[in-house]
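According to the UniProt record's numbering, the sequence shown is numbered sequentially starting from 1.
Using N, Cα and C, we set each Cβ at its ideal position, and we do this for glycine too.
Given the structure is predicted, the values throughout are model-derived calculations rather than measurements.
Report on the structure given below.
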Amino acid sequence: LNTEGDMACIPQEQNSSRVITIVFLALFIDLLGFALILPLFPSILDYYSQTEDGFYLSLQRGVDWFAVMVGMPPERKYNSVLFGGLIGSVFSILQFFSSPLTGAVSDCLGRRPVILMTMGLITSYALWAASRTFGIFLLSRIVGGISKGNVSLSTAIIADLHSPKARSKGMAMIGVAFSLGFTLGPMIGAYLAMETEKGEVFYLHSALLALMFAVADLIFIFFLLPETLPKEKRVSSVTSGFQAAVDLLSPLALFQFSAVTRGKESPSEENLQNLKILGLAYFLYLFLFSGLEYTLSFLTHQRFQFSRVEGVMLHCPCCALVTLMKLCTSGGNGGEKTKHLFLGNQQLLWV
């Protein structure tokens, strides 16, 4: 890896806007590739079910048994949604464990080399493109979950910026990248699935495009992203970083904000209590919204027989509204001259 950026870390103020732009574009490209598969999940599971893939069928029997144990209605459509949710959860669980560890390594080695190493997503998308059995497809999701540390590292890069104003703007732009990626990615994925040649699996073009996005993202980061964590601010060893990451792997420690209280600038008791309340509210919001968003494609596919494109068109207005709200929120962080043009934080939260 090229780590020459270590020798010339960016000035604290001068290049903040450049770093924010690079992180925004890199994350947007990454999320475009990641979101291509979202409208295809129900059809992918149907595909492996129809091909009578042995590994898929054995897992399906296990899911059927679990559904009976928890009292779900004995209908195939419900079991298909449960199966799809479990497959999606594999990716998220692995990301939950890998992100704090990659963050700990970056605290020691620097952001740039570690974010380049997390581009193992290239392998994940290559496996997806080559998958003709469910086992290979599941392996691609596992590799992707382990490698998906660039989102947390993007947040860490923004947190390295010196100016509070730049950090605020950078965090808002990360949110905008998510909204745009999850708006455009599913649309592109659904369209490409319609353009499949005879004899090709319907998801091949989407998988190849995701692979191209990952390669382009790697090249973009390699040549343009500077190192943002100076050597004097890094931890002495990876081991000490792993010890700090334990607070990010324990759900109890997460809700108690243990990592924050053990930092150099521990918040007051009142601020800590407010953080806990906001953290719980945000967790419940993401818990409910992600469940709704993920199962919506199954609902429209099974109950209303929507095509992939029709399902995505139902999804797009919501994502477009979220993107607009993100842009309004980020505009409100631009300084005193722009604050009067936007609602305050509490009003935006209610909206």
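Whole-angstrom C-beta distance between residue j and residue i, which should lie under 8 Å
i, j, result
"phenylalanine 220", "leucine 25", "7 Å"
"leucine 229", "glycine 110", "5 Å"
"valine 45", "phenylalanine 83", "The sequence shown places leucine at residue 45, rather than the valine named in the question. With a Cβ gap of about 6 Å, leucine 45 and phenylalanine 83 count as contacting."
"serine 154", "threonine 102", "Their Cβ separation, rounded to whole angstroms, is 11 Å, which puts serine 154 and threonine 102 out of contact at 8 Å."
"threonine 295", "valine 81", "6 Å"
"isoleucine 29", "alanine 216", "6 Å"
"phenylalanine 202", "serine 43", "7 Å"
"alanine 104", "alanine 245", "4 Å"
"serine 16", "alanine 166", "4 Å"
"valine 260", "proline 251", "Actually they are not in contact, since the Cβ atoms of valine 260 and proline 251 sit about 15 Å apart, beyond 8 Å."
Beta-carbon proximity check, residue i vs residue j, cutoff 8 Å
i, j, result
"isoleucine 158", "isoleucine 20", "yes"
"glycine 241", "aspartate 53", "no"
"phenylalanine 257", "leucine 275", "yes"
"alanine 35", "glycine 185", "yes"
"phenylalanine 298", "leucine 280", "no"
"proline 39", "glycine 189", "yes"
"arginine 112", "leucine 225", "yes"
"glycine 175", "leucine 32", "no"
"valine 90", "arginine 141", "yes"
"glycine 170", "valine 23", "yes"
"tyrosine 125", "leucine 211", "yes"
"leucine 86", "valine 70", "no"
Three-state secondary structure (DSSP) of residue i
i, result
"glutamate 336", "Here glutamate 336 scores only 44 on pLDDT, less than 50, and its place in the model should not be relied on; the value that follows carries that caveat. Reduced to three states, the DSSP call for glutamate 336 is helix."
"valine 19", "helix"
"alanine 8", "Because the pLDDT of alanine 8 is 48, which lies under 50, any placement of that residue in the model is unreliable, and the question is left without a value."
"isoleucine 277", "helix"
"glutamate 52", "coil"
"arginine 303", "coil"
"threonine 183", "helix"
"asparagine 217", "Residue identity differs from the one stated: residue 217 is aspartate in this sequence, not asparagine. Aspartate 217: helix per DSSP, three-state reduction."
"serine 266", "coil"
"leucine 36", "coil"
"aspartate 64", "helix"
"phenylalanine 202", "coil"
"lysine 231", "helix"
"proline 73", "coil"
"aspartate 30", "helix"
"aspartate 46", "helix"
"lysine 165", "helix"
"aspartate 160", "coil"
"arginine 132", "coil"
"serine 297", "helix"
"serine 58", "helix"
"proline 251", "helix"
"glycine 149", "coil"
"leucine 288", "helix"
"residue 353", "Beyond the ends of the chain as shown, which are 1 and 351, falls residue 353; an answer cannot be given."
"leucine 225", "coil"
"threonine 196", "coil"
"serine 236", "coil"
"phenylalanine 342", "Note that phenylalanine 342 scores a pLDDT of 47, beneath 50, so its modelled location is shaky and nothing firm can be said."
Cβ of residue i within 8 Å of any chain D Cβ
i, result
"proline 230", "Absence of chain D from the displayed structure is noted, only one protein chain being present."
Using 8 Å as the threshold, is the stretch 139-150 in touch with the stretch 90-103, meaning 3 or more CB pairs across them? yes
Write down every uninterrupted run of the alpha helix (DSSP H) in the stretch 88-127 whose length is 4 residues or greater and which is fully enclosed by it, in chain order. 111-117
Using 8 Å as the cut-off, can you tell me whether the stretch 188-198 makes contact with the stretch 116-125, which would need three or more C-beta pairs spanning the two stretches below that distance? no
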